[in-house]
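The structure appears below as structure tokens.
Chains as they are written, first to last, in the working numbering: chain A, 1 to 406; chain B, 1001 to 1165.
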């Protein structure tokens, strides 16, 4: 069908709108085709997102939450950030949806229908923290290229699915397997069908973890389209880009997967620390694995004013990639002194942990409440930005909210 | 005085000429579009190898204010770009694949824009920009220069509110 691409092309330039070319062609638009006018629709309605979410990019869609929208223990869809590298797939037919396991290191290639996957393998439900590798990018100086995420590209939802390990054992994996890489149904921004917007993965050790699942439900319901319907890899604690959406194929590789955004500088940081702005050769960039320790104050919203007689109850979440958060503290004097918060154990491994504290302020004035988590290896969040890197990943500097006592 | 009148007349004529050209373009493009439509329509009908496609009407509303060229307070409404020399070249070359929002939120110097363009050409199917490359880069570094924020910026844009507990 040449028609669709013509519609796509014609509405790229400004004249299309001016001339109403879209109206001329609406009569021949195939059913199920998502009109490009979608780009102009209200994204909050389109994706059922809270009005307080911030649209960073509308082509491709990239939308982030604000700290106070992430107050729930299990994040509801309305507060979940959207990070897309390409265009959301159109015309998904779940009846015909299949998952193929292939690659150099499978004993034989095997294809499963969605129904087969759901009936053949045991179901598991986990609460898993997913954070964009570039969350916090906006704070780097010199600025890093890409979507300028502030703090809202993180969440912890409840995911139901089957273990990737169970599927791989059913297929049969050779001893030389090194890495898994996913392939998905999303469309490259240029609409070039030979290009994948993103195809990432992780080492076999991550593939074989209990919590690495192929999910078909989020928070007890079908995964929303923007979050990977009908099937998605979930690899909690790692850059969320490892958790491939709209999953169609997994390749078991005998080399480190070399799909789109696995190579070059994508999702990589300098293997050795560099000065801000320094040029780093591709060969000196290393793949990000576990995300670093981090936390967010989700209540109150920054900007609270209260009287001196009142105590302030703060709460939020903390997470530490593959590790657990061991200690949670807050400071109201710009990091000079720290007090501990109550910290809950995670619901399961790789789920974020909830913290709370009751704060008294010594006198009237302007305060900032800073939050600092420490992981089970004794590593804490920095108060200033962590090491600069060319693509602006892994900013886990402590979260701050402003409070006024009047 | 005479010269002024003459200039006014000249300008009026220019305006009229512009409108005439625009109208001609509009008519030409609508015509080509219709031809293409008819041509493609018959092709699809007669080609039995084509998958069956159900045709439905999808209401598409284009608001009256949806004027592509509209500029308000120096901002191009449709894209959010700052109106300045090089804006049209930037729109034409940089918003086909991705949104203008991705351009606007990034702050780079000329060298890094150049390498970003090169990266898009090597991996994202961006075409050769020719002489427009310099124009676009100049537009970007002039209107969206990198800002120094230091190791940690002060909290800004705080919306103060009374917290009742």
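Backbone N, C-alpha and C define an ideal beta-carbon position, used for all residues, glycine too.
Hey, quick one: how far does the alpha helix (DSSP H) through residue 168(A) stretch, first residue to last? Within the first chain, the letter at position 168 stands for residue 168(A). Segment 164-171, the alpha helix (DSSP H) holding residue 168(A).
Is any heavy atom of the ligand ATP found at a distance shorter than 7 Å from the C-beta of residue 344(A)? Summarising the ligand content, the structure contains no ligands, and the ligand ATP is consequently not present.
May I ask you to list the residues that DSSP assigns as paired with residue 294(A)? For the purposes of this step, residue 294(A) is taken as residue 294 along the first chain, with counting starting at 1. Answer is 319(A).
For residue 305(A), which residues in the same chain have their Cβ closer than 6 Å to its Cβ, ignoring the five residues on either side in sequence? In the first chain, counting from the first residue as 1, residue 305(A) sits at position 305. Closer than 6 Å at Cβ, skipping near neighbours: 404 and 406.
Evaluate contact between the segment 177-189 of chain A and the segment 141-152 of chain A, counting only Cβ atoms and requiring at least three cross-stretch pairs below 8 Å. no
Please state whether DSSP places residue 1096(B) in a helix, a strand or coil. Here residue 1096(B) corresponds to residue number 96 of the second chain, with the count starting at 1. DSSP places residue 1096(B) in coil when its eight states are reduced to three.
Please determine if the segment 73-93 of chain A and the segment 152-164 of chain A are in contact, where contact requires at least 3 C-beta pairs separated by less than 8 Å. yes
Alpha helix (DSSP H) runs wholly inside the segment 267-291 of chain A, at least 4 long, in chain order: none
Just to check my reading of the structure: residue 287(A) and residue 268(A) have Cβ atoms closer than 8 Å, yes? What is that Cβ distance to the nearest angstrom? Counting from 1 along the first chain, the entry for residue 287(A) is found at position 287. Counting from 1 along the first chain, the entry for residue 268(A) is found at position 268. About 6 Å; that satisfies the 8 Å criterion.
Environment of residue 365(A) [buried if 16+ CB atoms lie within 10 Å]: Locating residue 365(A) in the first chain gives position 365, where the first residue counts as 1. The residue in question, residue 365(A), is exposed, as its Cβ has fewer than 16 Cβ neighbours within 10 Å.
Following the continuous beta strand (DSSP E) through residue 1112(B), name the residue where it begins and the one where it ends. Here residue 1112(B) is taken as the residue at index 112 of the second chain, counted from 1. Residue 1112(B) -> not in any beta strand (DSSP E); alpha helix (DSSP H) instead, spanning 1110-1123.
I want to verify the contact list: residues of chain A whose CB lies under 7 Å from the CB of residue 1158(B), in sequence order. Within the second chain, numbered from 1, the residue matching residue 1158(B) stands at position 158. Simply 302, 303 and 402.
Using 8 Å as the Cβ pair cut-off and three pairs as the minimum, do the segment 200-210 of chain A and the segment 253-270 of chain A touch? yes
Going by beta-carbon coordinates alone, are residue 407(A) and residue 86(A) separated by less than 8 Å? Lying before the first or after the last residue shown, residue 407(A) is absent from chain A, which here runs from 1 to 406.
For residue 207(A), the first and last residue of its enclosing alpha helix (DSSP H): Translated into positions along the first chain, residue 207(A) becomes position 207. It spans 204-207 - the alpha helix (DSSP H) in which residue 207(A) sits, taken as one unbroken run.
What residues in the segment 1137-1153 of chain B have a beta carbon less than 8 Å from any beta carbon of chain A? 1146, 1147, 1148, 1149, 1150, 1151, 1152 and 1153
Burial state of residue 1021(B), where buried means 16 or more other Cβ atoms lie within 10 Å: Looking up residue 1021(B) in the second chain gives position 21. That one is exposed.
Tell me whether residue 27(A) is buried or exposed, calling it buried when 16 or more other Cβ atoms sit within 10 Å of its Cβ. By one-based count along the first chain, residue 27(A) stands at place 27. Per-residue confidence for residue 27(A) stands at a pLDDT of 44, beneath the threshold of 50, marking its modelled position as unreliable; the derived number appears in the next sentence. Flag for residue 27(A) reads exposed.
Going by DSSP, which residues form a beta bridge with residue 239(A)? The residue given as residue 239(A) occupies position 239 in the first chain. Paired residues: 131(A).
Which residues of chain B have a Cβ atom closer than 8 Å to the Cβ of residue 145(A), listed in chain order? In the first chain, counting from the first residue as 1, residue 145(A) sits at position 145. Residues of chain B passing the Cβ test: 1106, 1108, 1112 and 1116.
Alpha carbons only, please: which of 1096(B), 1124(B), 1133(B) and 1152(B) is nearest the one belonging to residue 1111(B)? Residue numbering aside, residue 1111(B) sits at position 111 when the second chain is read from its first letter. When each option's Cα is compared against that of residue 1111(B), the closest is 1133(B).
Beta-carbon proximity check, residue 151(A) vs residue 399(A), cutoff 8 Å: Taking the first chain and counting its residues from 1, the one referred to as residue 151(A) is at position 151. Taking the first chain and counting its residues from 1, the one referred to as residue 399(A) is at position 399. Cβ atoms of residue 151(A) and residue 399(A): closer than 8 Å.
State the start and end residues of the unbroken beta strand (DSSP E) segment that holds residue 138(A). Counting from one through the first chain, the residue named residue 138(A) turns up at place 138. Unbroken run through residue 138(A): none, as it is neither H nor E.
Distance, residue 284(A) Cα to residue 123(A) Cα: The residue given as residue 123(A) occupies position 123 in the first chain. The residue given as residue 284(A) occupies position 284 in the first chain. The alpha-carbon atoms of residue 123(A) and residue 284(A) are separated by roughly 41 Å.
Can you look up residue 226(A) in the DSSP assignment and give me helix, strand or coil? Within the first chain, numbered from 1, the residue matching residue 226(A) stands at position 226. It is helical.
Taking contact to mean at least 3 C-beta pairs separated by less than 8 Å, is the segment 1122-1133 of chain B in contact with the segment 1070-1079 of chain B? no
What first and last residue would you give for the beta strand (DSSP E) that runs through residue 367(A)? Against the first chain, residue 367(A) aligns to sequence position 367. Residues 365-375.
Would you say residue 38(A) lies against chain B (beta-carbon separation less than 8 Å)? Sequence index remark: in the first chain, residue 38(A) carries index 38 (1-based). Its pLDDT being 48, under 50, residue 38(A) is placed unreliably by the model, and the measurement read from it follows with that caveat. No, residue 38(A) lies away from the interface with chain B (no Cβ there is under 8 Å from its Cβ).
Given that residue 292(A) touches chain B, what residues does it touch there, using C-beta distances under 9 Å? Numbered from 1 along the first chain, position 292 holds the residue referred to as residue 292(A). What residue 292(A) touches in chain B: nothing, since even the nearest Cβ is about 17 Å away.
Closer than 8 Å between beta carbons: that is the criterion. Which residues of the segment 190-201 of chain A meet it against chain B? 190, 192 and 195
Which chain B residues sit within Cβ distance under 8 Å of residue 122(A)? As a working note, residue 122(A) is residue 122 in the first chain. Simply none; closest approach about 38 Å.
Would residue 190(A) and residue 1093(B) be called neighbours here (beta carbons separated by less than 8 Å)? Numbered from 1 along the first chain, position 190 holds the residue referred to as residue 190(A). Numbered from 1 along the second chain, position 93 holds the residue referred to as residue 1093(B). Against a cut-off of 8 Å, the Cβ pair of residue 1093(B) and residue 190(A) comes out as no contact.
Close-in-space but distant-in-sequence residues of the same chain around residue 31(A) (CB under 8 Å, 5 per side omitted): Indexing the first chain from 1 puts residue 31(A) at position 31. At residue 31(A), the pLDDT of 46 sits below 50, so the modelled position is not reliable; the number obtained from the coordinates is stated separately. Correct list: empty, nothing qualifies.
When we look at the beta-carbon of residue 127(A) and count the other beta-carbons within 10 Å, is it buried (16 or more) or exposed? Within the first chain, residue 127(A) is the residue found at index 127, counting from 1. Result: buried.
Are the CB atoms of residue 251(A) and residue 173(A) nearer to each other than 8 Å? Indexing the first chain from 1 puts residue 251(A) at position 251. Indexing the first chain from 1 puts residue 173(A) at position 173. Cβ distance not < 8 Å, so residue 251(A) and residue 173(A) don't count as in contact.
Taking C-beta pairs closer than 7 Å, name the residues in chain B that residue 56(A) reaches, listed in chain order. As a first step, residue 56(A) must be located in the first chain, where it is residue number 56. By Cβ distance, chain B contributes 1101 and 1105.
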